[in-house]
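For the sequence shown, position 186 matches number 187 in the numbering used here, and the numbering has no gaps at all.
In this text, a Cβ means the ideal position worked out from N, Cα and C, and glycines have one as well.
Below you'll find the structure, written out as structure tokens, and then a few comments.
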Amino acid sequence: MATWSEWKDLTASLGFEEVRYEKAYRKEGGGVARVSFNRPHRLNAFTGKGLGEFVRGVNDADRDRDVGVIIVSSVGDHFGTGGDVEWEASGGLTSHIPDFNGALTRSYKPTIAAIKGYCVGGSNHIAYHCDLTIAAHTAVFGQNGPRVGSGAADRVVSQSAEIIGLKRAREMWTMCRQHTAQQALEWGLINRVVPLHRLEDETLAWSDDLLDLVPMGVSLIKQSFVQIGAYLEQFRVLPHMGRGFFGSADQREAQQAFFEKRKPRFWPVHEEAFD
């Protein structure tokens with residue numbers, strides 16, 4: 002297990018009010034950024050303001066060359082209950098909404114959702130837009146749009162079919178039932194279930210493993226999966242990324258470390274890794 006620094010809280014410096022933003026770094030090199038929804042008094046239901054802060058946090062982490070993993074989390078007992086119904090009722094859904102799901106998929110860094118308590122509605126599709134999801138045994142998943150009059154369409158919905166299959170995705174979105182963490186694991190909606198007290202440690206352990214891998218290689222794989230839903234786009238994006246990967250400093254270091262039977266050294270990251 003890696004040795005981590007204390008979390009550095011950057012929330013106030015960025016003027017965030019509905020999101021907590023922190024970073025921590027390994028003694029061995031490389032770091033993580035944690036973007037946490039911070040409205041526990043509203044079960045972390047989000048508003049447009051909070052989504053804007055969330056996108057800014059993800060984008061900041063994506064630009065930080067010392068950060069290799071982005072953790073999406075929450076303050077309090079619940080990950081989130083989607084859009085705040087009062088915000089939605091006052092016209093929130095008809096105003097400009099930051100592309101919060103897109104921020105996760107466009108990020109070159111792997112994203113891990115750490116889930117506890119309720120993860121429903123918009124909060125659920127934030128979680129499944131993350132590359133990996135680790136849930137506490139207390140987590141509850143589901144969609145509630147047709148129940149509460151909250152609209153969703155297009156990639157927000159169809160992305161779930163790529164993850165859990167069409168039949169289950171249709172069941173999740175149209176039936177508005179709640180699903181336990183174990184059922185979510187069986188469906189393939191999440192990757193791991195752990196006891197609640199182990200959630201942070203497990204998330205950092207996965208982050209540690211990711212930071213030991215070739216940063217540009219992980220990024221290339223991530224973007225390859227993103228292109229499943231945008232087939233034609235891969236002819237523009239993936240060839241460019243592939244050319245940049247082969248012969249890069251990261252690739253050379255990974256190969257050299259393998260031949261020398263040692264742990265590779267990727268941090269501080271090379272300049273081209275996230276370009």
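Closest option to E7, judged by alpha-carbon separation, among G16, K28, V20, E19: K28. L200 and V194 have their C-alpha atoms roughly 9 Å apart. The alpha carbon of E187 has as its nearest neighbour, out of S37, S220, F142, the alpha carbon of F142. Secondary structure note for K24: its beta strand (DSSP E) is the uninterrupted segment 20 to 26. Of G118, I113, T82, the smallest CA-CA separation from L212 is found for I113. Under a 10 Å Cβ-count criterion, Q256 is classified as exposed, with fewer than 16 other Cβ atoms of the shown protein chains found around its own Cβ. A90 sits in a helix when the DSSP states are folded into three classes.
In the structure shown, the three-state DSSP call for H180 is strand. Restricting attention to beta strand (DSSP E) runs no shorter than 3 residues, the stretch 68 to 146 encloses them at 68 to 75, 112 to 116, 119 to 121, 133 to 137, 141 to 143, ordered along the chain. A3 sits away from L221, with the two beta carbons spaced by 9 Å or more. A residue is called buried once 16 or more other Cβ atoms fall within 10 Å of its Cβ, and F226, having fewer, is exposed.
Ranking G31, R263, V20 by CA distance to the CA of D65 puts G31 first.
Between A140 and W174, the C-beta spacing is not below 9 Å. Straight-line measurement puts the Cα of F267 at about 13 Å from the Cα of F259.
Segment contact: the stretch 132 to 139 against the stretch 151 to 171, fewer than three CB-CB distances shorter than 8 Å; contact not assigned.
With respect to S108, F38 sits apart: the two C-beta atoms are not nearer than 9 Å.
Under the criterion of beta carbons closer than 8 Å, V36 and V73 qualify as touching, at roughly 6 Å.
Residue range 32 to 38 is occupied by the beta strand (DSSP E) that includes A34, with no alpha helix (DSSP H) assigned at that position. Taking the Cα positions, E203 is about 30 Å away from G49.
Take W88, set aside five residues on each side of it, and the residues of its chain with a beta-carbon closer than 6 Å to its own are T48, in chain order. According to the DSSP assignment, R57 belongs to the alpha helix (DSSP H) that extends over 49 to 64.
The Cβ atoms of I135 and I71 do not sit closer than 9 Å to each other. D10 is bridged by DSSP to E23. Residue environment analysis places R43 among the buried positions, since at least 16 neighbouring C-beta atoms fall within 10 angstroms of its C-beta. Counting the other CB atoms within 10 Å of its CB gives N45 a total of 16 or more, which places it among the buried residues.
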